[in-house]
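What follows is a single structure, written as structure tokens, with notes after it.
In this note's numbering, the protein residues as written are 313 to 917.
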């Protein structure tokens with residue numbers, strides 16, 4: 313029985329038995345010697361070693377205990393054996409061909425089937441790729457099937473979300489229908505999206521895209537530059553419609569170019585350049601590409617760019633500098649705004665925390681919302697700062713799990729905020745309102761409507777104008793209102809309108825009934841409260857108690873020492889959309905009024 317050991321292969325911990333390790337070590341030694349004779353050989357060897365480590369890691373992720381000698385032979389068959397490379401000419405090898413020409417070929421690229429996996433060369437069946445998944449592996453599986461870049465499929469899926477969510481249902485259906493699998497990565501043709509320095513003008517975006525789209529890079533440059541040139545040209549010839557079109561297209565194309573510049577990696581190594589061109593990554597093809605690169609380097613002289621290219625490059629850099637200034641200003645402003653929101657929300661949240669039980673049915677709900685809301689604001693700040701640092705510092709090895717963790721935590725926090733707030737809105741879904749008559753003695757003189765002295769109820773916290781707390785630890789809220797209407801007869805009347813919202817009509821009715829309304833009448837003086845207790849449970853669901861004073865037409869009455877808050881009233885509706893209607897009659901304190909014959913209240917001078 314072979315002894316099992318753990319080795320570090322290209323930064324990955326691989327469990328392998330001794331016999332397999334001896335074969336692997338011999339193969340890696342041969343690769344190192346083979347490429348040491350060529351310029352840039354260490355970089356190519358490093359890429360090959362990383363690819364081998366990736367293949368082994370995929371095998372171990374399928375619950376294999378360790379790498380066996382058979383697994384090593386399968387990988388060697390994929391990458392190319394020493395006997396194959398030692399052949400005298402390259403005529404015995406198949407050149408890198410388009411995908412359709414190679415679809416039925418049998419060769420080293422199919423060695424992934426030896427390990428029982430599905431070949432990741434675009435020729436297997438459509439599955440969800442669990443080797444390269446972000447959310448279920450659907451996009452990666454589609455990219456594997458169509459031999460495309462997973463990043464491109466994910467971008468298309470994300471863009472479809474903004475067009476009425478057209479790709480959301482498709483993604484969910486594919487997630488449910490497609491079986492999950494672990495496709496074995498091979499070295500067969502796999503065209504990837506990169507930027508390249510070959511013939512670049514600004515960032516190499518168009519040069520890289522031209523390989524993948526099989527379109528001339530000059531046409532791509534013309535496409536991106538057309539809005540900028542068109543704005544000036546069509547304004548000169550007074551074609552306002554075309555000038556407007558170019559003006560609208562300019563920011564779109566500019567943002568698209570910047571996004572591609574940021575999102576597309578640069579093809580720096582030889583293997584990345586081969587992936588860009590869709591060439592198969594094996595030892596022979598890499599060796600041939602290296603020799604071809606050296607021959608080009610020795611046989612060609614440096615070509616100076618033409619005047620047109622130089623002018624376009626200068627213009628592009630000027631525009632780029634201007635855009636960087638704008639984007640930088642936006643990012644700085646966004647950071648300042650987010651910091652301000654974070655500080656304001658934290659301060660406000662802490663200050664109103666003692667009142668959270670008036671809104672939330674459980675303390676855990678309030679704590680979760682507060683923490684999640686803080687994270688929703690804080691995490692974008694961290695993500696933006698981290699992105700700026702990475703763009704400036706450019707570390708040799710990026711820890712992707714940090715970005716994934718921050719993004720996942722942000723999405724979880726955002727979901728928690730939306731979920732809790734939606735539940736809170738649902739607690740206001742139904743409204744209930746009813747009116748009851750109250751006892752009122754007919755005043756012998758002018759009716760005076762004034763404020764009820766509630767100072768004797770206890771000591772109150774004056775931190776909030778609309779709420780205060782008594783010595784009985786019960787909160788009182790400014791949920792009392794006043795409405796003055798014409799009477800239908802020659803008598804004064806007093807009605808009390810109670811209203812509340814709730815998660816059901818029954819709850820809304822219960823909350824409305826529990827509002828404790830206490831008033832006093834002293835001869836011709838009617839004293840109305842401003843602060844009312846909610847009752848049990850002590851939950852605020854837009855309760856409002858409105859005293860409706862009905863004055864006979866032609867009679868004079870006085871509004872005494874009433875604050876203008878007495879005239880405020882509201883109606884809250886959560887169906888079909890959440891809305892609040894506010895009304896404020898604004899009675900002027902200590903003024904006389906007269907109920908007109910037409911029912912209109914006239915202010916007496």
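Cβ atoms here follow ideal geometry from the backbone N, Cα and C, with glycine treated the same way.
Computed from a prediction, not measured in an experiment: that's the story for all the values here.
Contiguous beta strand (DSSP E) elements confined to the stretch 689-773 occur at 742-750, 759-763, taking only those with 3 or more residues. It is roughly 18 Å from the alpha-carbon of residue 824 to the alpha-carbon of residue 840. Per DSSP, the beta-bridge partners of residue 792 are 857. A direct Cα-to-Cα measurement between residue 681 and residue 732 gives close to 7 Å.
In the DSSP secondary-structure assignment, residue 812 is bridged to 744. Pairwise C-beta distances place the stretch 858-866 in contact with the stretch 790-807, as three or more of them are shorter than 8 Å. It is roughly 10 Å from the alpha-carbon of residue 366 to the alpha-carbon of residue 387.
Residue 907 is bridged by DSSP to 913. Shown here for residue 369: same chain residues with a beta carbon closer than 6 Å to its own, the five before and five after excluded, namely 324 in chain order. 8 Å or more divides the Cβ of residue 808 from the Cβ of residue 723.
For residue 868, the enclosing beta strand (DSSP E) stretches over residues 868-871. Straight across, the Cα-Cα distance linking residue 634 with residue 534 is about 20 Å. Judged by DSSP in its simplified three-state form, residue 513 adopts coil rather than helix or strand. Residue pairing by DSSP places residue 526 opposite no residue, since no beta bridge is assigned to it. Its chain contains 681, 684, 685, 688 as the residues whose beta carbon lies nearer than 7 Å to that of residue 729, once the 5 sequence neighbours on both sides are disregarded; these appear in chain order. Taken through DSSP and simplified to helix, strand or coil, residue 491 comes out as coil.
Annotation: the continuous beta strand (DSSP E) that includes residue 317 extends over 316-321. In this structure the stretch 869-876 does not lie against the stretch 810-823, because fewer than three pairs of beta carbons, one per stretch, are closer than 8 Å.
Close CB contacts of residue 562 within its chain, under the 7 Å cut and outside five residues either way in sequence, are with 539, 540, 543 (chain order). Residue 491 counts as exposed, since fewer than 16 other beta carbons sit within 10 angstroms of its beta carbon. Beta-bridge annotation (DSSP): residue 843 is not paired with any residue. Here DSSP, grouped into helix, strand and coil, assigns residue 803 to coil. Taking one beta carbon from each stretch, the stretch 840-855 and the stretch 652-664 have fewer than 3 pairs nearer than 8 Å; the two do not touch. When DSSP states are grouped into helix, strand and coil, residue 457 belongs to the helix group. Taking a 10 Å sphere around the C-beta of residue 648, we find fewer than 16 other C-beta atoms and assign the residue as exposed. Distances from the CA of residue 746 to each of 796, 827, 851, 696 were compared; the closest alpha carbon is that of 827. Closest by C-alpha distance to residue 846, out of 317, 344, 671, 719, is 671. Counting every other CB atom within 10 Å of its CB across the protein chains shown gives residue 899 a total of 16 or more, marking it as buried. Residue burial is scored here from C-beta neighbours: residue 452 has at least 16 other C-beta atoms within 10 angstroms and is therefore classed as buried. The Cβ-Cβ distance between residue 505 and residue 520 falls below 8 Å. DSSP places residue 826 in no beta strand (DSSP E); its state is neither H nor E.
Sorting 317, 346, 528, 666 by C-alpha distance to the C-alpha of residue 380 places 317 at the top. Assignment of residue 437 by DSSP, reduced to helix, strand and coil, places it in the coil class.
The residue from 905, 735, 793 with its alpha-carbon nearest to that of residue 880 is 793.
The beta carbon of residue 779 is closer than 6 Å to those of 787, 789 in its chain, skipping five residues each way along the sequence. In the displayed model, residue 373 falls within coil according to three-state DSSP, outside both helix and strand.
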